[in-house]
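In what follows, a structure is listed as structure tokens, so that the remarks can point back to it.
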Amino acid sequence: MAGIQLNTLRKIYAGNVEAVKGISIDIKDGEFIVLVGPSGCGKSTLLRMVAGLETITDGELFIGDRLVNNVEPADRDIAMVFQNYALYPHMTVYGNLAYGLKNRSIPKDEIEKRVRKAAEILEIGDFLDRRPRQLSGGQRQRVAMGRAIVREPAAFLFDEPLSNLDAKLRVQMRMEIKKLQKELGTTSLYVTHDQLEAMTLADRLVVLSGGVVEQIGSPIDVYEKPASTFVATFIGSPAMNLLPLAKSGNEWKLDNGANVDVKLNTDLSDLILGVRPEDLVIEELSEKFDTGLHTALTVHVVEPVGAESYVHGTIGEGSVDVVVRAPGKLHFEPGQILKVTAKPEKLHTFDTKSGKRIELEGALETA
Amino acid sequence: MKRVQFSHPLMPYMLLLPQLAIVGVFFLWPAAEAIRASFYLEDPFGFGSTFVGLDNFKDVVSASEYSRTAWFTLIFSAAVTFFSLSIALLLAVKADNVIKGASTYRTLLMWVYAIAPPVAGLVGVMLFDQHIGPLNDLAHALGWNMQIGVNYFDTAFAMTVIAVWKQIPINFIFFLSGLQSVPKSVQEAAAVDCRSSSRRFWTVTFPLLAPTSFFLLIINITYALFDTFGIIDLVLKGEPGNNPVTLVYKVFLDGFRGNDLGGSSAQSVILMILVFALTVVQFRMIERRVHYS
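Protein sequence lines, in the order shown, are assigned to chains G and F. With the working numbering applied, the first sequence has no gaps in its numbers, which climb one by one up to 367 at the end. With the working numbering applied, the second sequence has no gaps in its numbers, which climb one by one up to 293 at the end.
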């Protein structure tokens, strides 16, 4: 067991392409950290640098108290679960689990004991004599997990381990991974592009974009206080509505000229206003309040998903798409004008240029 | 499977006819003729033949010259197969690890493959030439008085080296593509599981190369047994004397130089049986242990 420390890790590929631009994360012992971001954000590269499969251009990597920048993958005391499982096709399931132990000269009876135990935890005891090609995707996934568990490493590294599974199995395995990690208490670093997977698994989320950390925090923190417009739109589905506003006299206007009735106590002349679809409430269903946001949108498309409906519309004439999460039993017609409100504490504000979050200290609530 | 309908029932046979004719004329007929001839004593001048039963076979097997040739063939084939496979594998593994200028290395290593086999054989022979051959000069410089065509071992050595040299590029290409088809993630998983890269190679990469290796093993044994005829002929310059020859070359020598068609046919029948047995053994025994992922 050990923590992992990443000190301004950088990865520069041939041709001066900087994939990871100085990332620092302090992972505590036993913590489940999820690296999340769109493809090409450097999350897999970062994980592979921790595993030792990619060289570290600059910065320091500690596993436990040991500087491991130039340590071979096999000597880093980590186990990795790969996206396509990467099982050894010519070995039985038992052979796959035992391989990493055999190479570490662990006595035979100890190997046997650990493999049986892992097989029992993962319910793959019946397949130990089979070869990977005789297993289903979910079973292969379990074997890949088992190969990591038997090693009893300081840390687990997961590289999008669930993305090859079908949706139902993915949800099931997600829960099992979380349960297993809590039981074993092994420090874990998990890479995914699926924000739902990230939210449900993580003790702390690391949102990456373009090789830099956008935000580190607990899933709820990241959801409720996104540090930038990128995080705001990446985490949460449907994504947060972003309204670029500019001050005109005493009023806030969208770039299509439409007025947005919102009370913001700020000296800024422009900012981006963010509000999550579930925080936009249809006025008739809401208690009355003067502060916060009041606006009307023209309904364009309605997506009923059962318990709720996603109502897409625009404010004024133009392309600013706004999504409202409305109760599923309501009926909406395209072209209909829908009045919506949002409470002041539900509003997020971001800088127009940098996209960074602006905290308007107590300002949102006053008129 | 969709059944193809032909307008006339004879049509499929007509389409097969050219291929069957080629197989018949160039394989089945000579093979049948060889089997027939192996039971007859042919007059060297073609004035008739006498049925002698198994006498040809008895003569062939009991001749000390034959067992000597058989032993040489065995050792020669084993050496050629082993060295051409292992050197090619070594080169392929090294080339696979090269990152800078990888394609240049690979092209250079495959170059010999692009040369027509007889030309490659001739180049090989020239390298060992008594007068102009650089390898011969090298051997002399190292104090080895190499006399190809005179000394039994020297001749065998030159034959083996040339045969191996010519076969390496083909094996190299297959091994390299085999290595590149080993999933990268499996190799990475092995890197996490095992520190020693040579151990990783023998426990993960090599077993995954097994289908390629098995295919090449058959190709190389066949090559060493039969396709080295030209190289042997070039090295011996058609004058075998007391020099080593393979069984296949001996069939040619006895039949066309010695004019012993019956004995020569008996030898080729023995070879036929040998090849048949070899093929059965290879597919039965080895394929069962080969993992095709």
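Note that CB positions come from ideal geometry on N, CA and C, so glycine has one too.
Against chain G, the CB of leucine 274(F) has no partner CB under 8 Å away; the residue lies outside that interface. In the displayed model, glutamate 72(G) falls within coil according to three-state DSSP, outside both helix and strand. Using a CB distance cut-off of 8 Å, leucine 53(G) counts as an interface residue toward chain F.
The alpha helix (DSSP H) runs of length 4 or more contained entirely in the stretch 102-189 of chain F are, from start to end of the chain, 102-110, 117-127, 134-141, 152-180. Annotation: tyrosine 249(F) to glutamate 239(F) spans about 12 Å, alpha carbon to alpha carbon. Leucine 338(G) is bridged by DSSP to Leu297(G). For chain G, the residues of the stretch 200-222 of chain F that bring a beta carbon within less than 9 Å of one of its beta carbons are Arg200, Thr203, Val204, Pro207, Leu208, Ala210, in chain order. Counted as a single uninterrupted DSSP element, the beta strand (DSSP E) harbouring proline 327(G) occupies residues 321-327. Contact between the stretch 148-161 of chain G and the stretch 113-120 of chain G is established, with three or more Cβ pairs separated by less than 8 Å.
Looking from the CA of glutamate 278(G), the closest CA among Asn241(G), Ala258(G), Gly306(G) belongs to Asn241(G). For isoleucine 12(G), the nearest beta carbon of chain F is not closer than 8 Å to its own beta carbon.
At a cut-off of 8 Å between beta-carbon atoms, asparagine 16(G) makes no contact with chain F. Residue pairing by DSSP places histidine 348(G) opposite Gly274(G) in a beta bridge. Chain order gives no chain F residues near glutamate 176(G), where near means a beta carbon separation below 8 Å; the closest approach is about 21 Å. Comparing C-alpha distances from isoleucine 87(F) to each of Val164(F), Lys184(F), Gly143(F) shows the shortest one belongs to Val164(F). For asparagine 7(G), the pairing in a beta bridge is given by DSSP as Glu60(G). Distance from the CA atom of methionine 126(F) to the CA atom of glutamine 141(G), rounded to whole angstroms, is 58 Å.
In the structure shown, threonine 55(G) adopts coil according to DSSP, grouped into three states.
Taking 8 Å as the cut-off, the Cβ atoms of proline 38(G) and leucine 53(G) do not count as close. Around the beta carbon of aspartate 109(G), fewer than 16 other beta carbons sit within 10 angstroms, so the residue counts as exposed. DSSP lists Phe51(F) as the bridge partner or partners of tyrosine 40(F). Under a 10 Å Cβ-count criterion, isoleucine 220(G) is classified as exposed, with fewer than 16 other Cβ atoms of the shown protein chains found around its own Cβ. Only buried fits alanine 191(F), as 16 or more other CB atoms lie within 10 angstroms of its CB. Distance from the Cα of asparagine 164(G) is smallest, within the candidate group Val213(G), Met175(G), Phe156(G), Thr192(G), for Thr192(G).
Listed along chain G are Phe82, Asn84, Ala86, each with a C-beta nearer than 7 Å to that of serine 185(F). Under the three-state reduction of DSSP, asparagine 241(G) is assigned to strand.
Distances from the CA of leucine 176(F) to each of Ala120(F), Phe256(F), Val186(F), Leu209(F) were compared; the closest alpha carbon is that of Leu209(F).
Under a criterion of Cβ atoms nearer than 9 Å, the residues of chain G adjacent to glutamate 188(F) are, in order, Arg48, Ala51, Leu53, Pro73, Met80, Phe82, Ala86. For alanine 102(F), no CB of chain G lies under 8 Å from its own CB, so it is not counted at the interface with that chain.
Under the DSSP assignment, tryptophan 71(F) falls in the alpha helix (DSSP H) whose first and last residues are 64-97.
At a cut-off of 8 Å between C-beta atoms, proline 107(G) does not count as an interface residue with respect to chain F. Interface criterion not met: the Cβ of alanine 37(F) is under 8 Å from no Cβ in chain G.
Check the Cα spacing between asparagine 84(G) and each of Arg76(G), Phe32(G), Glu31(G), Val143(G): the tightest is with Val143(G). Note that the C-beta distance between alanine 296(G) and valine 34(G) is not below 8 Å. In this structure, DSSP gives alanine 155(G) an extended state, which the three-state scheme calls strand. Contact note: asparagine 241(G) does not reach chain F at a C-beta cutoff of 9 Å; the least C-beta distance is about 40 Å.
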